[in-house]
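Contents: one structure, followed by commentary.
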Amino acid sequence: MKYSLLALSLAAALGAAPLFATDASAGTAAQGTDGDAPQQGTRNKPAAKVQNLGAVDVSAALDQARNSLSPDTGSSQYVIDQKAIAALPLGASTPINQVLLQAPGVVQDSYGQLHVRGDHANLQYRVNGVLIPESISGFGQTLDARTIKEVKLIDGALPAQYGLRTAAVVDITTKSGHDLGNGGSVGVMGGSFGTFNPNASIWGSNDRWSYFVTANYLQNDVGIENPTSSRTPIHDHTNQVKGFGDISYLIDNDTRLSFMFGVSNSRFEIPNNPNQEPQFGYLDTVDFNSANLNEQQQEKTRFGVLALQGKIGETNYQVSAGQRYSSIAFTPDFVGDLMFNGVAADINRSNRASTLQADFATPLGDSHTLRYGIYGSFEHGNINNNSWVFPADADGNQTSTTPINILDGARLIARTYSAYVQDEWSVGDKWTINYGVRGDQYHLFRDESQLSPRVGVVYQATQDTTIHAGYSRYFVPPATEVISTTNIAKFNGTTNQLPSDGNNTALSERSDYYDAGISQNIGPLTLGLDAYYRKVSRLQDEGQFGAALVYSNFNYEFGRIRGVEFTANYDEGPVSAYFNLAYNRAMGKRIITGQYNFDPDDLAYIYNNYIHLDHDQKLTSSGGISYAVTSDTKIGADYIFGSGLRSDGNVPNGLSLPYYFQLNLNVSHDFNFESTGTLHTQLAVINALDRTYELRDGTGVGVGAPQFGPRRGLYLSVQKDF
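Position one of the sequence shown corresponds to residue 229 (the working numbering), numbered consecutively onward.
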């Protein structure tokens with residue numbers, strides 16, 4: 229069977245769509261059109277009315293209608309489906325953040341974080357067209373790759389439908405019982421570092437009912453990146469449980485009611501860095517072995533969404549109401565944290581977001597499709613810090629070895645309202661223009677709002693050549709789940725006294741985004757080139773301040789981000805291969821919120837000078853090759869490369885960490901048994917060369933601790949469908 233890992237950015241229409249596909253020309257390659265130039269004036273029209281069809285046919289027609297609600301004209305789109313995920317070294321056990329690392333311009337960071345095109349987080353997650361607010365946690369993946377039928381990473385100059393989180397849209401289409409029939413799957417993945425990951429799924433349909441439910445459990449001894457280069461982390465065990473379900477009912481041939489739900493519960497030991505010297509005394513204790521610290525963190529997320537989707541006349545629609553709850557709890561080592569950090573804090577954050585979303589698409593003649601919609605969210609957040617600190621003099625020197633207790637907390641209520649309207653206009657057979665405007669209003673500590681115009685143009689120069697360009701005005705409210713409200717005055721005269729006063733209120737980011745690119749097909753080879761530039765006011769960033777692995781946001785007054793991405797894809801016969809190379813520069817100047825988290829000397833320098841953002845990585849590359857030896861046996865290799873994130877030098881974030889290269893290998897084979905069917909097996913070697921590399925060295929603006937990439941590991945997966 230022929231398959232490919234990743235096609236190119238800005239792909240034009242192809243004769244056969246690869247499993248990983250990219251499209252910046254309004255989705256033609258990713259959807260597997262024929263070799264003719266796309267007829268974009270009719271591409272997103274609602275499907276004709278379904279009459280007297282079976283439930284599977286009705287469901288497929290409604291899927292097509294739902295897809296027509298979401299345009300991508302002028303943006304860059306990267307498509308990864310379940311077959312491509314299965315071809316990755318860890319297959320369906322691959323965390324979603326590592327799946328997305330195969331796309332161009334995606335940079336890995338510690339705690340599972342991703343940076344797309346020089347942004348810190350700021351990703352928008354959509355599941356079956358519904359926006360799911362992010363969780364609080366900086367690590368641990370809420371969603372599981374086993375739920376995915378297809379995932380798209382959409383970035384660049386986004387259409388007016390997409391707002392609030394704008395670095396990229398992670399658009400996930402989940403598996404469905406109507407697609408899969410009746411059945412299920414059980415399996416297990418295990419291997420190095422005590423990894424044990426059993427999973428089970430069940431799916432099916434009965435007349436108009438359909439369901440898909442999956443759950444898995446993961447434990448290993450490398451839950452968080454090791455702060456040392458040692459192969460064996462100290463105190464780094466994790467236990468994680470995740471589940472997802474999607475139940476739907478076809479009310480009639482034009483209407484579907486769905487209920488989606490997800491849950492995750494993750495426990496982490498915070499890994500220790502041995503041979504550290506205590507900085508403070510506790511009662512009569514003056515020595516503490518840092519290898520014996522016992523810090524813990526627990527993260528919980530759950531969400532549920534009820535969605536009604538269908539059409540009225542020629543208008544497609546989806547209306548949904550949902551809620552997401554997220555919490556994080558950090559438990560310190562009371563004595564150890566006091567002696568090393570001067571503060572031991574029980575930190576608890578929770579955030580409950582209730583959302584309402586409605587999207588519509590109406591064709592206007594043969595050349596126009598009008599899309600419009602609204603979104604609203606109500607967030608209720610709680611922040612509770614129970615801190616123990618030592619008294620200190622004006623210079624920060626400890627004046628007593630008896631700790632004192634300080635309680636600090638706050639409640640946050642945030643409201644977001646959004647609306648958009650846009651028109652997709654086909655001009656002849658070669659031009660498609662998508663223009664529109666969205667309005668956003670955000671209220672927390674103040675009212676902030678913006679009216680944001682968007683325009684994207686695609687030119688199908690030839691059957692094999694596609695050019696696109698776009699402009700988007702963006703408005704990005706602060707992520708309520710990572711807002712910090714520390715009462716600075718409470719910690720004056722203690723060992724946790726903050727180094728400076730400053731504005732404690734996060735601000736919404738505003739920016740102008742320009743994007744242009746071209747793609748070219750040459751037989752089985754597709755080449756793509758994309759360039760972007762973003763000019764930012766009140767640029768948002770996040771940092772880890774303190775021992776807990778939670779993030780808090782802050783703003784630079786000015787930002788400028790630019791980059792270029794090159795992609796190449798080959799897919800013919802039993803061989804498929806891909807290559808991505810991205811250049812990026814992300815700079816910020818003048819920190820204007822959260823200044824109390826930073827050294828006054830750093831603040832003074834950043835006030836007058838642009839610096840590299842801590843997540844800025846100059847060069848990023850990924851690639852892979854896969855070969856089908858037979859229909860049952862496949863071998864493959866992939867890699868990731870980075871020139872290194874930032875660390876401090878003579879100036880803040882003035883140095884780049886050493887480059888890194890990670891090579892992964894895998895082989896899979898299907899055993900076919902007459903009595904029991906097919907047993908799928910897959911063997912993977914992660915970081916096959918066992919190259920030691922640092923993601924972080926513990927220095928840099930907003931960086932809390934060192935983190936190293938994974939050491940070599942061997943993993944075996946066994947999966948049986950029934």
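For each residue, glycine too, the CB sits at the ideal point set by N, CA and C.
Sequence-distant residues of its chain with Cβ nearer than 7 Å to residue i (five each side left out)
i: Ser-884; result: Lys-846, Ser-871, Gly-872, Arg-874
i: Asp-420; result: Looking at the sequence shown, residue 420 is not Asp but Ser. Cβ neighbours of Ser-420 beyond the five flanking positions: Gly-941, Leu-942, Tyr-943.
i: Leu-446; result: Asn-425, Gln-468
i: Ala-620; result: Gln-626, Thr-627, Gly-721, Thr-722, Thr-723, Gln-725
Neighbourhood of residue i by C-beta, 6 Å cutoff - its chain only, sequence neighbours within 5 removed
i: Gln-669; result: Tyr-645, Ser-677
i: Lys-277; result: Low confidence applies to Lys-277: its pLDDT is 35, below 50, so where it sits in the model is not reliable, and the reading given next is rough at best. Correct list: empty, nothing qualifies.
i: His-348; result: Asp-769, Glu-770, His-843
i: Phe-869; result: Ser-849, Phe-889
i: Ile-602; result: Ala-586, Ala-647
i: Arg-495; result: Asn-467, Gln-526
i: Val-996; result: What the structure shows of the chain is the stretch from 229 to 950, and residue 996 is not part of that stretch, so it cannot be assessed.
i: Lys-528; result: Asn-493, Ser-555
i: Val-547; result: Leu-536, Ala-586
Local Cβ density within 10 Å of residue i, reported as buried at 16 or more and exposed below that
i: Thr-627; result: exposed
i: His-596; result: exposed
i: Ala-265; result: In this prediction, Ala-265 has a pLDDT of 33, which is less than 50 and means its spatial position is unreliable; what the coordinates show is noted afterwards. Looking at its Cβ environment, which holds 16 or more other Cβ atoms inside 10 Å, Ala-265 is buried.
i: Ser-945; result: buried
i: Thr-858; result: exposed
i: Ile-452; result: buried
i: Asp-799; result: buried
i: Phe-568; result: buried
i: Asp-262; result: In this predicted model, Asp-262 has a pLDDT of only 34, less than 50, meaning its place in the structure is not dependable enough to derive any value.
i: Tyr-761; result: exposed
i: Asn-724; result: buried
i: Asn-625; result: exposed
i: Ile-364; result: buried
i: Pro-681; result: exposed
i: Gln-336; result: buried
i: Tyr-887; result: exposed
i: Leu-478; result: buried
i: Asp-482; result: buried
i: Val-398; result: buried
i: Arg-639; result: exposed
i: Leu-371; result: buried
i: Pro-274; result: Its pLDDT being 35, under 50, Pro-274 is placed unreliably in this model, and the value from its coordinates should be taken loosely. Answer is buried; the Cβ neighbour count reaches 16.
i: Glu-737; result: buried
For residue j and residue i, believed in contact at Cβ under 8 Å, the rounded distance
i: Ile-360; j: Ile-313; result: The pair is not a contact, with the Cβ atoms about 19 Å apart (cut-off 8 Å).
i: Val-617; j: Val-571; result: 5 Å
i: Ala-589; j: Thr-543; result: 7 Å
i: Gln-524; j: Thr-559; result: 4 Å
i: Lys-763; j: Ser-739; result: 6 Å
i: Phe-440; j: Asp-474; result: 5 Å
i: Glu-497; j: Glu-709; result: Not confirmed; about 23 Å, so no contact.
i: Tyr-824; j: Ile-716; result: 5 Å
Beta-carbon proximity check, residue i vs residue j, cutoff 8 Å
i: Asn-894; j: Leu-911; result: yes
i: Gly-745; j: Ala-759; result: yes
i: Ala-396; j: Asp-383; result: yes
i: Gly-932; j: Gln-772; result: yes
i: Lys-948; j: Ser-413; result: yes
i: Val-778; j: Ile-556; result: yes
i: Met-815; j: Tyr-838; result: yes
i: Leu-521; j: His-463; result: yes
i: Asn-662; j: Gln-650; result: yes
i: Arg-345; j: Ile-789; result: yes
i: Gly-751; j: Ala-805; result: no
i: Arg-666; j: Gly-357; result: no
i: Ala-388; j: Gly-604; result: no
i: Val-686; j: Thr-660; result: yes
i: Gly-550; j: Thr-583; result: yes
i: Leu-809; j: Phe-794; result: yes
i: Asn-812; j: Gly-791; result: yes
i: Gly-698; j: Asp-743; result: yes
Residues near residue i by beta carbon distance below 8 Å, same chain, minus five either side
i: Pro-934; result: Pro-455, Thr-456, Asn-501, Glu-922, Arg-924, Asp-925, Gly-926
i: Ala-211; result: A query on residue 211 cannot be resolved here, the shown segment of the chain reaching from 229 to 950 and no further.
i: Gly-422; result: Gln-447, Asn-448, Asp-449, His-465
C-beta neighbour in chain D for residue i, strict 8 Å
i: Tyr-784; result: The chain inventory of the structure shown lacks chain D, comprising one protein chain alone.
Original post:
For the region 574-588 against the region 598-617, are there 3 or more C-beta pairs whose distance is under 8 Å?
Top reply: yes
Subject >> Segment contact flag, the region 671-686 with the region 701-714, C-beta cutoff 8 Å, min 3 pairs >> reply: yes
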